[in-house]
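Engineer: In this note's numbering, the protein residues as written are 27 to 270.
All C-beta atoms in this analysis are idealised placements derived from N, C-alpha and C, irrespective of residue type, glycine included.
There's a structure below that I have some questions on.
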Amino acid sequence: MSAQLANLVGKKILAESARNHFGQEDPYFEEVPASRLNRAFGKKTQKRRKAVPPGLSQNDSKVLTQVKRRAYRLDLCLFSLCGIRFGWGSVIGLFPFIGDGADAALALMVVHTCDKIDGGLPSRLRMMMLMNIVIDFFIGLVPFIGDVADAVYKCNTRNAVLLEKHLREKGAKALSKQERRQNTADMSLPDEFDRYDDDTSAKPQAARHPKKSRSKGRWFGGRAQPEDDLESGVIDNSRPSRRP
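Encoded structure:
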């Protein structure tokens with residue numbers, strides 16, 4: 027009976043299932059090509075923990091890891107039933123009214139942790155997180171069916187996905203600014219190479235002074251005779267005289 031209710035709420039109402047991660051991205055694990063040993067047993071992919079997005083500060087990385095850990099404990103950490111993962115939030119929500127209020131309070135604590143990132147949460151992102159909590163709270167007020175739908179909806183996991191997407195965009199912008207400061211060019215790209223070549227050719231070159239040739243004044247590289255020193259009175263009479 028519970029499996030039928032879960033399918034009704036997840037597929038018909040929310041158009042979600044366990045195969046598509048309940049209509050959202052999995053914030054905890056990612057699928058990568060399987061290793062050679064796992065491929066030998068017929069596995070094409072394997073799961074691993076998601077890495078922190080690049081370009082984040084130490085504080086943002088710490089906050090994201092903390093939010094994902096808390097969301098996992100509230101939504102997924104206990105057991106799986108009929109393809110649905112349950113966490114402490116689902117168990118607490120089984121108690122009418124009081125449990126739903128406590129579950130909402132824990133979800134608000136997760137949002138408060140999200141707000142500790144550098145610069146705080148944007149107002150639009152905060153409203154989206156609070157809306158997820160409100161929807162989760164009113165779903166949980168319905169006895170039994172609401173508790174199953176609450177386990178399917180997973181507002182904490184949704185909020186963790188929203189935070190990760192925001193920080194990923196933030197980290198990408200930080201990396202692009204850093205690259206522009208370093209003025210690095212990828213020479214494997216034709217456009218970048220042409221732009222770099224144009225910049226280098228436009229720079230002024232150092233002036234070159236012509237060097238004096240040692241064979242100046244003689245054919246076939248012959249050595250030139252030294253000039254007469256008129257002040258000392260020394261004149262070489264063996265050389266042919268020069269007429270002005």
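So which of G125, V78, L107 has the shortest CA-CA distance to V93?
Structural biologist: Mapped onto the sequence shown, residue 93 falls at position 67. The shortest C-alpha separation from V93 is found at V78.
Engineer: Taking the runs of the beta strand (DSSP E) that are 3 residues or longer, which of them lie wholly in the region 77-162?
Structural biologist: As far as the region 77-162 is concerned, its whole beta strand (DSSP E) runs of at least 3 residues are 105-107, 110-112.
Engineer: Run through DSSP, which three-state label would K180 get?
Structural biologist: Numbered from its first residue, the sequence shown carries residue 180 at position 154. Coil at K180, not helix or strand.
Engineer: Check each candidate in R194, I171, F112 and name the one with the smallest Cα separation from N182.
Structural biologist: To locate residue 182, count along the sequence shown from 1; it is residue 156. If we check each option's Cα against that of N182, F112 comes out closest.
Engineer: What's the call for F48, buried or exposed, on a 16-neighbour Cβ count within 10 Å?
Structural biologist: To locate residue 48, count along the sequence shown from 1; it is residue 22. Because F48 sits at a pLDDT of 47, beneath the cut-off of 50, its placement in the model cannot be relied upon, and the following sentence gives the value as read from the coordinates. That one is buried.
Engineer: What is the rounded straight-line gap between the Cα of E205 and the Cα of D144?
Structural biologist: Position 179 of the sequence shown, counting from 1, holds the residue named residue 205. Position 118 of the sequence shown, counting from 1, holds the residue named residue 144. In a straight line, the C-alpha of E205 is about 21 Å away from that of D144.
Engineer: So A177 and V136 are in contact, right, with Cβ under 8 Å, and what is the actual spacing, rounded?
Structural biologist: The count along the sequence shown starts at 1 and reaches residue 177 at position 151. The count along the sequence shown starts at 1 and reaches residue 136 at position 110. Actually they are not in contact, since the Cβ atoms of A177 and V136 sit about 16 Å apart, beyond 8 Å.
Engineer: Please identify the residue among L120, G127, L82 whose C-alpha is closest to the C-alpha of M170.
Structural biologist: Taking the first residue of the sequence shown as position 1, residue 170 is located at position 144. A small fix is needed here, since residue 170 is Phe in this sequence, not Met. The shortest Cα separation from F170 among L120, G127, L82 belongs to L120.
Engineer: Below 8 Å, can you find three or more Cβ-Cβ pairs linking the region 159-167 to the region 80-90?
Structural biologist: The region 159-167 vs the region 80-90: no contact.
Engineer: For G125, decide whether its Cβ has a neighbour in chain B, counting only Cβ atoms nearer than 8 Å.
Structural biologist: Note that chain B does not occur in the displayed structure, where there is just one protein chain.
Engineer: Quick one: measure Cβ to Cβ for D86 and L193, integer angstroms, because I've assumed they're closer than 8 Å.
Structural biologist: Taking the sequence shown and counting its residues from 1, one reaches residue 86 at position 60. Taking the sequence shown and counting its residues from 1, one reaches residue 193 at position 167. Contact flag correct, Cβ pair sits at about 6 Å.
Engineer: DSSP on V168, reduced to helix/strand/coil?
Structural biologist: Here residue 168 is taken as the residue at index 142 of the sequence shown, counted from 1. Reduced to three states, the DSSP call for V168 is coil.
Engineer: Helix, strand or coil, according to DSSP, for E190 in the structure here?
Structural biologist: Along the sequence shown, one-based indexing puts residue 190 at 164. Note: E190 maps to helix in three-state DSSP.
Engineer: Keeping to the same chain, check which residues put their C-beta closer than 7 Å to that of S116; ignore five residues upstream and five downstream.
Structural biologist: For this step, residue 116 is matched to residue 90 along the sequence shown. If we look at S116 and ignore the five residues flanking it on each side, its Cβ neighbours are D173, D176, A177.
Engineer: Could you compute how far the alpha carbon of F105 sits from the alpha carbon of R150?
Structural biologist: As a first step, residue 105 is located in the sequence shown; it is residue number 79 there, counting from the start. As a first step, residue 150 is located in the sequence shown; it is residue number 124 there, counting from the start. If I take the Cα positions, the gap works out to 34 Å.
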